[in-house]
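Participant:
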Amino acid sequence: GPDVNGKDVVMPLVGAGTWQYNDTVAYDSVCKAFANGYNMVDTAHGYGNERGVGQAIQDCWLGAGKAREDLFVMTKLEGGLNSTETLAAHADNMEWLQLDYVDHLMTHFPADWYMTPERSTPERRQEEWLALESIYNTGAARSIGISHYCTQHIDDIMEVATVKPSVNQVEYHIGSGDIDEVITKCADEGIYFMSFSPLCGPCTYEPEDSLVSGDLVTKIAAKYTHADGSAVDGSQVALRWIVQQALPEAPGYAPFIAGVIPKSDTSSHQASNANLFDFELSLEDMQTLSAATKPEAEGGDCDVTVKSA
4 GPDVNGKDVV MPLVGAGTWQ YNDTVAYDSV CKAFANGYNM VDTAHGYGNE RGVGQAIQDC
64 WLGAGKARED LFVMTKLEGG LNSTETLAAH ADNMEWLQLD YVDHLMTHFP ADWYMTPERS
124 TPERRQEEWL ALESIYNTGA ARSIGISHYC TQHIDDIMEV ATVKPSVNQV EYHIGSGDID
184 EVITKCADEG IYFMSFSPLC GPCTYEPEDS LVSGDLVTKI AAKYTHADGS AVDGSQVALR
244 WIVQQALPEA PGYAPFIAGV IPKSDTSSHQ ASNANLFDFE LSLEDMQTLS AATKPEAEGG
304 DCDVTVKSA
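With our numbering, the residue at position 187 of the sequence shown is 190, and numbering never jumps.
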């Protein structure tokens, strides 16, 4: 959708994740990602690494002569905040990232992480959403969205929204299925469904179910090669499965599916994770991957309080 000035906001299909990185590792990782051709970075107020990300943008993007408008910066604010807290937290974002605006700002969870009753109500979600709208209207965020939101949480904010969420970022990978039963809801509302943990980084699973080197992705990867003749690997199959759902002419296309934000601080892995656009999975392989039930995702987001306090 458009920003407050009417200019379309276009989000890349592959970005660099920074979850669990401190400032030092985030700086190094993001600089490597830029060197590997990435033009989107994902961070959060609660990650504790926005200073590192911001300095990487200064040194390794802007310092390399690249234009700010060619970089997509996505960040998040803790859930459960009131209006004053929301505005203050985004002021932190701007200071730490050394930016005048971000390209996408989302509320990170439909409550605070502890699901404190007074921070878990529909009214609190609505208050925080309207505060995000006020940030959008100043131009300090070109688009706004949500994360970990289930159908009932989306309904809460749609009751008051004058600016529709453009993205809902939810755990989504081979084996997860529609863990929060929200993909159809997002499509119906015109909200892009975006994957986090596309390689199931925080999951617990048996080695044969790995989305990097497990049996299913390795078997399917063996069918494909890159344009230069090199082999496709398991992680590329797992990431391509999501990305391909966002490509209208590709087998397995699904409306309102967005991209992926794999995380790595290893340059070769970053390059591999972005090398997804010179092969295409068959419809049969897309369906096989979609039918997988492992590695499982972790539910619980929908347990957040849905009734007023």
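C-beta atoms are modelled at their ideal positions from N, C-alpha and C, and glycine is treated no differently.
In three-state terms, what does DSSP make of Asp-304?
Facilitator: Three-state DSSP puts Asp-304 in a helix.
Participant: Which residues does DSSP pair with Val-263 in a beta bridge?
Facilitator: Val-17.
Participant: Leu-242: beta carbon under 8 Å from a heavy atom of the ligand MG?
Facilitator: Of ligands this structure carries none, so the ligand MG is not represented either.
Participant: Mapping the DSSP letters down to three states, classify Ala-312 as helix, strand or coil.
Facilitator: Annotation note: pLDDT 48 at Ala-312 (below 50); position unreliable, coordinate value reported separately. Coil.
Participant: Along the chain, where does the beta strand (DSSP E) containing Leu-80 start, and where does it finish?
Facilitator: Taken as a continuous stretch (DSSP letters only), the beta strand (DSSP E) holding Leu-80 covers 75-80.
Participant: Spatial neighbours of Ala-312 within its chain, please: C-beta separation below 7 Å, excluding the five flanking residues on both sides.
Facilitator: Bear in mind that a pLDDT of 48 at Ala-312, under 50, signals an unreliable position, so the number given afterwards is only what the model happens to contain. Correct list, in chain order: Pro-120, Glu-121 and Thr-124.
Participant: With distances taken Cα to Cα, identify the nearest neighbour of Asp-45 among Glu-283, Pro-265, Ala-295 and Thr-269.
Facilitator: Selected option, being the one with the closest Cα: Pro-265.
Participant: May I have the straight-line CA-CA distance separating Phe-112 from Trp-99, to the nearest angstrom?
Facilitator: Each residue's alpha carbon lies about 21 Å from the other.
Participant: Quick one: what does DSSP say Ala-144 is sitting in, helix, strand or coil?
Facilitator: If DSSP states are grouped into helix, strand and coil, Ala-144 belongs with the strands.
Participant: What are the start and end residues of the beta strand (DSSP E) that includes Gln-239?
Facilitator: That residue, Gln-239, is in no beta strand (DSSP E); its alpha helix (DSSP H) goes 237-248.
Participant: Using a threshold of 9 Å, state whether the C-beta atoms of Leu-3 and Ala-274 are closer than that.
Facilitator: Any question about residue 3 goes unanswered here, given that the chain covers just 4 to 312.
Participant: Near Thr-308, what residues of its chain come up, given a Cβ to Cβ distance below 8 Å and the 5 sequence neighbours on each side ignored?
Facilitator: Hits under 8 Å: Ala-114, Met-118, Pro-120, Ser-123 and Thr-124.
Participant: Can you list, in chain order, the residues of its chain whose CB lies under 7 Å from that of Ala-261, leaving out five sequence neighbours each side?
Facilitator: The answer, listed in chain order, is Met-14, Val-170, Tyr-195, Phe-196, Met-197 and Ala-249.
Participant: Go ahead and label Gln-23 buried or exposed: buried means 16 or more other beta carbons lie within 10 angstroms of its beta carbon, across all protein chains shown.
Facilitator: Exposed is the call here.
Participant: Taking its Cβ as the centre, do 16 or more other Cβ atoms sit within 10 Å of Leu-286, making it buried, or is it exposed?
Facilitator: Exposed, because fewer than 16 other Cβ atoms sit within 10 Å of the Cβ of Leu-286.
Participant: Run through DSSP, which three-state label would Ala-234 get?
Facilitator: In the structure shown, Ala-234 sits in a strand (DSSP, three-state: E or B).
Participant: For a test of the three-state rule: what should DSSP assign to Glu-299, helix, strand or coil?
Facilitator: Three-state DSSP puts Glu-299 in coil, outside helix and strand.
Participant: Nearest to Pro-258 by CA position, among Phe-282, Glu-301 and Asp-191, is which residue?
Facilitator: The shortest C-alpha separation from Pro-258 is found at Asp-191.
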